[in-house]
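Visitor:
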Amino acid sequence: MHSYKLRARDDHNSVIEEIDFECLSIAGALDKAMVKADHADLYEDGMPICSMELVAATGVWLVGKPRRAER
Numbered sequence: 039m040h041s042y043k044l045r046a047r048d049d050h051n052s053v054i055e056e057i058d059f060e061c062l063s064i065a066g067a068l069d070k071a072m073v074k075a076d077h078a079d080l081y082e083d084g085m086p087i088c089s090m091e092l093v094a095a096t097g098v099w100l101v102g103k104p105r106r107a108e109r
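For the sequence shown, the residue numbers in my numbering are 39 to 109.
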């Protein structure tokens, strides 16, 4: 089982919520990725996996490459 973190961001790229959970796979983690935000980042065991952008009010996410590391 892997540890995941979903970090939700607002329109100014500020972190507004962080959710920690465990899942067997990245696919399972993406299924659990539920936040009330338009942008989010998913991490697996502390490593960035992908960035996500909500593109429809029905809950459709566009999944892309991870954001650059925060400094």
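Every residue gets a Cβ at the ideal spot worked out from N, C-alpha and C, and that includes glycine.
Does A67 come out as helix, strand or coil in the three-state DSSP assignment?
Guide: In the sequence shown, counting from the first residue as 1, residue 67 sits at position 29. Helix at A67.
Visitor: From the DSSP output, in three-state form, read off S52 for me.
Guide: Position 14 of the sequence shown, counting from 1, holds the residue named residue 52. S52: coil per DSSP, three-state reduction.
Visitor: In whole angstroms, give me the CA-to-CA distance for C61 and V53.
Guide: Against the sequence shown, residue 61 aligns to sequence position 23. Against the sequence shown, residue 53 aligns to sequence position 15. Rounded to the nearest angstrom, the two C-alpha atoms are 22 Å apart.
Visitor: What's the gap between the Cα of M85 and the Cα of G97?
Guide: Counting from 1 along the sequence shown, the entry for residue 85 is found at position 47. Counting from 1 along the sequence shown, the entry for residue 97 is found at position 59. One C-alpha to the other measures close to 25 Å.
Visitor: Roughly how many whole angstroms lie between the Cα atoms of R109 and V101?
Guide: Translated into positions along the sequence shown, residue 109 becomes position 71. Translated into positions along the sequence shown, residue 101 becomes position 63. Low local confidence applies: a pLDDT of 44 at R109 is under 50, so the model's placement there is unreliable, and no value is given.
Visitor: In whole angstroms, give me the CA-to-CA distance for E91 and Y42.
Guide: For this step, residue 91 is matched to residue 53 along the sequence shown. For this step, residue 42 is matched to residue 4 along the sequence shown. If I take the Cα positions, the gap works out to 18 Å.
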